[in-house]
Structure formats: C-alpha cells, structure tokens
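Presented below is the structure to which this report refers.
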Amino acid sequence: MEIPYVVTPRKDTGLFNSKIAIWLFLASEVMLFGGFFSAYVFLRLGADYPWPERTLPVLPGLINTFVLIGSSVTVVFAWASLKLREWRKFQFFMGITVFCALIFMVLKGLEYNVKLHHQALRLKDYSVIEGHLGYETEDDKPVLDHKGNKIEENLINIEASKLSFNSVRFHKPWVEEFLTQAEHKHSKITLSADVSAITHQGQAPEVIAKAGEPLSIELLNRIQKTHLAARSHNGVIRTAALRDEWKKAKAANPDKRDWQFSDGVNIDMAVVTPQLLGEISTVGFTVEPPAHFDFHPRDIKPAATQSRLRDDTVVDGKLLDSPMVFHHIDAIDFQHLAMKAVEKGIDPEVAIENSWLIKSSPFAKQAWEWHQGEVAKLKAQLLKDYGADKDGKAIRFPTHKELYRIGWKDFAKKSEDEGRAKLAPADAFKEEFFGPNYEARGDETFPGLSVPREQIGFESKFTPAWNPYYAIYFTITGLHGLHVIGGALVLAYYLFFGRKMYLSNPEWLANRVEIGGLFWHFVDLVWIFVFPILYLM
Amino acid sequence: MADTPEAIKKSVRTYLFVGAILFIGTITTVLVATVPALDVGAHGFDKWDCILGLTIATIKASLVAFIFMHLNHEKKAVYWLFASGLCMVCSLAGLTALALGDPIFDRFFYSGH
C-alpha cells in the first residue's frame, strides 16, 4: 500500500506527513527539556548551599558547541545537496555531520570520565576538599580486590574475630571478598558451631553443617536452602493457624467488629510449635587468627565493637583507624563553611582559621594565607578599576567563590609564583580537559592529605550524589547526549542505506533527510542553551 | 519556500553566513563570561550576566530555528505546534514559580525543620 503525502503536501495543512509529525515530536521535546531547564532554575534559586557556579572547564563545552554548530550547517548542506540531486556532496556533508556527532560524544565521554574519578569530600565543619585518592599498596605493589581491581584508600578497617551472615540476604561478592582478604592475611573463616535444624516435621534435628567447616558460598547456599524451605513451610502453618483463630473469634463475637476483639486473636504456639521446621536466620563464623578486613564506607555502618554491613552481615571486632587518604588535593573550598558561619553570626574568616583543615594541614594553612594575599590584591585592583561609592565602599568586590575557594588553577599559580616552571602549552591545553597534571606540577603543588574518618561529613565522586548541581548537570547533558546518539543513528542510516531510495524516489529521501535534519537542529538548539547555563553561569 | 534549485543555491550562502554568526555568537558568550573587562553588572556572575548570556543564546537559537529549521517560511500548522509547546513550557515554569511565590509555600514542609 502506497503511503500518501510523503512527497506531495496535504491539501489541508500544505505540508507532507512527516513534517507535521516531527514538529509534534519537537513540541514534546521542548516540553521535556523545558521541564529540566526550569528544574535547574528552581534548584539553583532554592539552593541552601553555595551553588557551584563556573566550576566546569569551559574548553570541552566550547569545542562541543563549535562541533554541533558545524554539524548543523553540514546537515542542512546535505539536505540541499539532495534537493539538487548531488549524491556525492550529500554523502560528504552527511558524513561530516555524523563524524561531528562522534566527536561530541567522545568529548562528553572524556568530561564524564574525569568527573567520575575526581573525589569530593565535605568535612563535618563544611570545609570541602577535592582531589584524587591514592590506592592501597603493600610493599609498593597495589592491593587488588576479588575482581582484580585496585582499591582506593578510603576504607573502613576492622580487626574482625567473628562474622555473622544473614542466611537469606548475604551478598555473594562480599563473601568472596571476605575469602580473598582472609587468604591474603593467612586467616581462616570457619563455622563457629554446628548448624542443625528440624528439616522434616516431627523428626529430630538434622546437622546441616559441622563446626569448623570453612566458609564458602556453597555452604551458605546450603543453609539458605534449608532456611527458606523451613520458612515457607512454617508460614503456611502459621497462616492456617491464624485463620482458624480468626474464624473462632468471629464466631464467638458475632456482634462485634474485627478491631474490637483483635487483641485476643493469637496463635496457640504450644499447638503450632511441634509442626514447625527449624529456621536458621543467621550463621556465625570465627576468624582465626583475627584478621584485618577492609570495607568500603558505603557498605558498612561501623561501630566500636560490632559493625553491620548493608546485607545484614555483622562483623565483630575492633574498629581501627580508617582515614580517607588523598594522593593529591587540588581544591579547598570554604564557601559552605563561610555560609554556615554567617548563618550562626560568626565571622567566616574566624571560622576558617578554626577549621580542622587549617589547624591540621600546614599546606592548607599556607595555601589559605597565600590566597588571602591574592584576594587582597584583587580587592585593590577592583577598587582601582571601578572606584568607591560616596561612603568609601568599593563598588565592585570579589565574589563569594573568589573569597573562599582555592581551585587547582590557584594552586598552580601559587606554585609558579614560588618559582616552579610553567607547563608547556600542550600540557596546559590538556589540563583543560583532564584536570591538573599532578606529575608535571609535582607533589609540592598538589600534596597528599590523610583525613581521619571522624572528620568526614559526606564524600562522593563528582556524580549526581555530590549535590543537586551535578545531579541536574548529568541529567540534562546525559539526556542531550542520548538525543545526539539517536539523531546520529538516524542520519547515519540515511547516509549508508539511502542510495536505494535515492535511485527510486529522491524527493522522498530529501524529505526524510530534512526531517532528520530538523531533529538535529533541535539537538543543537538545546545545546545552545545548555552550554551557557551549565558551563558559563 | 526554498524548493527550486535556484532558491536552494541562494540559501546555501545564507546558511554559511548564519553559521558564521553562530560561531561568533558562541565566542562572544564565552568572552563576556570569562574576561573580567567585559563583565557587565557587578563583579562575577549576577543577573545582568544571566540576561546577557540568555539573550545571546536566544538570538542564536532563533537563527537556528528560523533559518536552519526553515521556520521563517513555514505553514501555519507548524507555527501552531511549536508555539503550543513553548506555551506549555512557559506555563510549567510560570506556574511552579507562582507556587513557590505563594506565601503558604514552606520549603521545609517535608524535611520538618
């Protein structure tokens, strides 16, 4: 069946079908992105913390803007070439368009990768430290987890003597990690006592596992299977018994409502218990000799003697020093601390001088003193350039960020002021994409720092978890990136598989390319707003 | 409507010109945001920087919409569709702003301060 109005316009609208359709779709896309942009506005206006303005590197976003604008031009040239029946030119321009989409996604991937590996930490006093964590090493060699990956120096350390697993909820990868770490520490994890349970109604308990059996996934699975079978069986018996009790109670209280006699409805455990099978909800193991285990902070709720993992595993043992160790810090941010100080009526400068970071880190103290010198210079410069009002107050003054944040470029400048050579232009250019070059700039510029666990308020990488700014940043740019991929796939389809249609019905192909181009222009249009809003404001 | 080969050939020059304007607009946006000497309003980011940045972005977006997306010579049906989307977004943002501006609004309602 021939679909009408794919080339000839409809009489009522004067348009061919797909044009109406794409504009309907674009109207819905305007709603989608409009919703997210308005969410950005309300998140920013309502933020109760210092909004991270102008902290993203501009260069990758700028290059992406040029790439998308260029691809918008080439896609319209591709359409024009089709209308003029110039197939080779169409292929050329469409090829550039698809290539630009690829460049865009590669740059976006680089940006995301840098953020996902960059560590942020907010201390309990609201100072913020940014940088990269070190990796656990032993004898200068990296320690690997059970999957063979390096482990970041951000672990909760416990000298464990006993482990107690929840027989239903135990998490297999964590059990494997226990086994890997125990083997590494030459320790054995064995069953503390015999595990026995009634497995058949009316019979004597059966030994499922003997004391001393080594921990394994197979052992836990065996116990889990028995427990779940018993739980299911017991559930049926208890439910039936409860139903009986309700029936009896309802018969005995015909004039009353359920809630009036519900307190007296109880299962007679003396009758039910002989019918029940043995449930084994937890399984205890001994660690001999007691071994030092490491846990990721988000997986465990540490306590002095008994810590609990998220899968309900209980770790009995002494909580050891568990610092978070930065291999390099590249930013110190007191904006939030200053904001909290002002709320409490304290001078921010005094609050900063009394912060843990300034008191404990000579580097941070020196950097802060240098930074105050730079702020004084900036204030003097602004006074000189813009003058003062009639009360003698400077008309322009440094922003909150300039007053209280020391970014990596400030550390680099400090280092250069102290005599360190500037980076080569190519290396400096790469820093705009990948962040500071720690090796080239040296440990004196970006030193390490060990932060005691008790000082840590909240930590994460630069991900949506860090703050609503990064949440909305990843949402908007991620959704936009998916649209770039979708649009590029459609355009690539026309490029690689359009020849047949071009030979049979070139006007139809031209119309399809026009429609694809309209979507592409919309994607460019969204980025035209995304770039200044997220990167420049 | 750019349908005839002659009209399309003429449009090609327009597309190139608009493309150049978009590049210049992008560079301008970055310069006014990053060069201190070009900072409007108070020092650092303030409402004037926001207005300027969004004005440049709107001009660029309008060029893309009117020239590249052919909205300058489209049919009424398309104008109705696009305008309805824009109106819906403005209502979304506007009504939310009205709700936030309502004296009864309490931002700590759910967090219980």
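Those protein sequences? They're chains A and B, same order as listed.
Numbered per the working numbering, the first sequence spans residues 262 to 798.
Numbered per the working numbering, the second sequence spans residues 82 to 194.
Every residue, glycine too, gets a C-beta built ideally from N, C-alpha and C.
From a predicted model like this one, the values you see are computed outputs, not experimental measurements.
| Helix, strand or coil at A/W781 according to DSSP, with G and I counted as helix | A/W781: helix per DSSP, three-state reduction.
| task | Can you give me, in chain order, the residues of the segment 129–146 of chain B that have a beta carbon less than 8 Å from any beta carbon in chain A? | result | Sequence-ordered contacts of the segment 129–146 of chain B with chain A read D130, C131, G134, L135, I137, A138, K141, A142, V145 and A146 [C-beta pairs closer than 8 Å].
| Mind checking B/V116: buried by the 16 CB within 10 Å criterion, or exposed? | By the beta-carbon neighbour count (other beta carbons within 10 angstroms, threshold 16), B/V116 is exposed.
| task | Could you tell me whether the segment 298–311 of chain A touches the segment 727–736 of chain A, using the rule of 3 or more Cβ pairs below 8 Å? | result | Yes, the segment 298–311 of chain A touches the segment 727–736 of chain A.
| message | Between A/G275 and chain B, is any beta-carbon pair separated by less than 8 Å? | response | Closer than 8 Å to the CB of A/G275 there is at least one CB belonging to chain B.
| Minimum Cβ-Cβ distance from A/S422 to chain B less than 8 Å | No, A/S422 lies away from the interface with chain B (no Cβ there is under 8 Å from its Cβ).
| message | I'd like the span of the alpha helix (DSSP H) that includes A/A339, first residue to last. | response | Taken as a continuous stretch (DSSP letters only), the alpha helix (DSSP H) holding A/A339 covers V319 to K344.
| field | Cβ shell of B/L112 (< 7 Å), same chain only, five flanking positions each side left out | value | Within the same chain, B/L112 has close Cβ partners L119.
| Counterpart residues of A/A470 in DSSP-defined beta bridges | The partner list for A/A470 (beta bridge, DSSP) reads A/V456.
| message | Please tell me whether B/P86 has its Cβ less than 8 Å away from any Cβ of chain A. | response | Yes, B/P86 lies at the interface with chain A (some Cβ there is under 8 Å from its Cβ).
| query | Are the beta-carbon atoms of A/R492 and A/E413 separated by less than 8 Å? | reply | Taking 8 Å as the Cβ cut-off, A/R492 and A/E413 do not qualify as a contacting pair.
| request: Using a Cβ cut-off of 7 Å, pull out every chain B residue sitting near A/A465, in sequence order please. | output: Those do not exist, as A/A465 stays about 54 Å from chain B at its closest Cβ, beyond 7 Å.
| query | Buried or exposed: B/H151, going by 16 or more other Cβ atoms within 10 Å of its Cβ? | reply | Under this definition B/H151 is a buried residue.
| Of all the CB atoms in chain A, is at least one closer than 8 Å to the CB of B/H124? | Cβ-Cβ to chain A under 8 Å: yes for B/H124.
| query | What does DSSP give as the partner residues of A/G680 in its beta bridges? | reply | None, per the DSSP bridge assignment.
| request: Could you tell me which residues DSSP pairs with A/H488 in its beta bridges? | output: In DSSP, A/H488 forms no bridge with anything.
| So which residues of chain A does B/L103 contact, with C-beta pairs closer than 7 Å? | Simply I330.
| Hey, B/F149 and A/E314 are a contact pair by Cβ (cut 8 Å); roughly how many whole angstroms apart? | Not quite, the Cβ-Cβ distance comes to about 31 Å (not below 8 Å), so this is no contact.
| request: Determine the direct distance from the alpha carbon of A/V468 to that of A/T460, and round the result to whole angstroms. | output: About 9 Å.
| field | C-alpha distance - A/P551 paired with A/I450, whole-angstrom precision | value | So the alpha carbons of these two residues sit roughly 9 Å apart.
| In terms of residues, what are the limits of the beta strand (DSSP E) holding A/V544? | T543 to F556 is the extent of the beta strand (DSSP E) around A/V544.
| request: Drop a sphere of 10 angstroms on the beta-carbon of A/K411, count the other beta-carbons inside from all chains shown, and report buried for 16 or more, exposed for fewer. | output: Exposed, because fewer than 16 other Cβ atoms sit within 10 Å of the Cβ of A/K411.
| Under three-state DSSP, which class holds A/T862? | Residue 862 of chain A lies beyond the range of chain A shown here (262 to 798); nothing can be said about it.
| query | In or out: A/D455 buried (at least 16 other Cβ within 10 Å) or exposed? | reply | Exposed is the call here.
| request: May I ask you to list the residues that DSSP assigns as paired with A/R383? | output: Its beta-bridge partners are A/V389 and A/F719.
| task | Measuring only between beta-carbons, confirm whether B/S192 sits less than 8 Å from chain A. | result | It does not; no Cβ of chain A falls within 8 Å.
| As assigned by DSSP and simplified to three states, the class of A/E700 | In the three-state reduction of the DSSP assignment, A/E700 falls in the helix class, which pools H, G and I.
| Contact the segment 306–321 of chain A vs the segment 676–694 of chain A: 3+ CB pairs below 8 Å | With the cut-off at 8 Å, the segment 306–321 of chain A and the segment 676–694 of chain A touch.
| query | How about B/P184: is its C-beta nearer than 8 Å to some C-beta of chain A? | reply | No Cβ of chain A is located within less than 8 Å of the beta carbon of B/P184.
| In terms of residues, what are the limits of the beta strand (DSSP E) holding A/F426? | Counting along the chain, the beta strand (DSSP E) containing A/F426 begins and ends at I417 to N427.
| task | Check whether the Cβ atoms of A/Y665 and A/Q596 sit closer than 8 Å, and answer yes or no. | result | Their beta carbons are under 8 Å apart, which means A/Y665 touches A/Q596 by this criterion.
| query | Buried or exposed: where does A/N427 fall if 16 or more other Cβ atoms within 10 Å of its Cβ makes it buried? | reply | Buried, since its Cβ has 16 or more Cβ neighbours within 10 Å.
| field | Segment limits, beta strand (DSSP E) that includes A/D688 | value | Not the beta strand (DSSP E): A/D688 falls in the alpha helix (DSSP H), residues P686 to F695.
| said: Going by the DSSP bridge assignment, what does A/T451 pair with across the sheet? | reply: A/T451 has A/P475 and A/T547 as its beta-bridge partners, per DSSP.
| query | Taking DSSP as the reference, what is the three-state secondary structure of A/H597? | reply | In the structure shown, A/H597 adopts helical secondary structure according to DSSP, grouped into three states.
| Just how far apart, CA to CA, sit A/L684 and B/P184? | Each residue's Cα considered, the two are about 55 Å apart.
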